Structures are given as structure tokens and as C-alpha cells.
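S.K.:
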Amino acid sequence: VIDAWVRISLVGIDLITVEARVVVASIETYLRYADAVGLMPTISRPKLAAGDQEGPGGEEEEPVPAPRARRSKKGGDRR
């Protein structure tokens, strides 16, 4: 995991803010990590069984995490 955060300012005015994160892991590992640190809210999606021919639109099951924008607590007010 590479995590970088850069802010360039002149006389207290933010000119540019760059935030980058590179994660090399399986999708399951990333989803578990993101869920643990609260990066993803939960939404309801139908769960498909291996032999299910009906497809989506059936009965909704357990909520599945979905990506969302996160708000950083670093560096004060960002607009």
C-alpha cells in the first residue's frame, strides 16, 4: 500500500491538493480493509445463487458495501 498526500499553498491559500492511494491486493482483501476502516457504506443488492436463472430483481438479501468518496480529516477545511 502506498499512501501519499500533498498540499501546495501560497500565503495560506491552497493552490493544489493531491491525494493518491495505490493498493495491490485481491478484491476480497481490499473490500475487507475498506469495510473495516469505514471507506464504504452498505447498500442492498440481490444475492445470486449458483443455479439461479432469474437473475437480478429477486429477493434482496444481505447488504453489500459500495464505494463512496471519503472525507479526509487532514489539513483542515478543503473546498
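Residue numbers for the sequence shown follow my numbering, so the first one is 9 and each next one is one higher. Glycine residues also receive a C-beta, built at the ideal position from the N, C-alpha and C atoms. Bear in mind that the values here come from a model prediction, so they are computed numbers and not experimental data.
1) Could you pull the start and end residues of the beta strand (DSSP E) that V26 belongs to?
2) So what does R40 bridge to, in DSSP terms?
3) In terms of DSSP beta bridges, what is V14 paired with?
4) By how many angstroms is the C-alpha of S17 removed from the C-alpha of T25?
5) May I have the straight-line CA-CA distance separating L39 from R15, to the nearest angstrom?
M.R.: Once the coordinates are examined:
1) Per DSSP, V26 belongs to the beta strand (DSSP E) from 21 to 30.
2) The partner list for R40 (beta bridge, DSSP) is empty, contrary to what the question assumes.
3) Beta-bridge annotation (DSSP): V14 is paired with V26.
4) In this structure, the straight-line span from the alpha carbon of T25 to that of S17 is close to 9 angstroms.
5) So the alpha carbons of these two residues sit roughly 28 angstroms apart.
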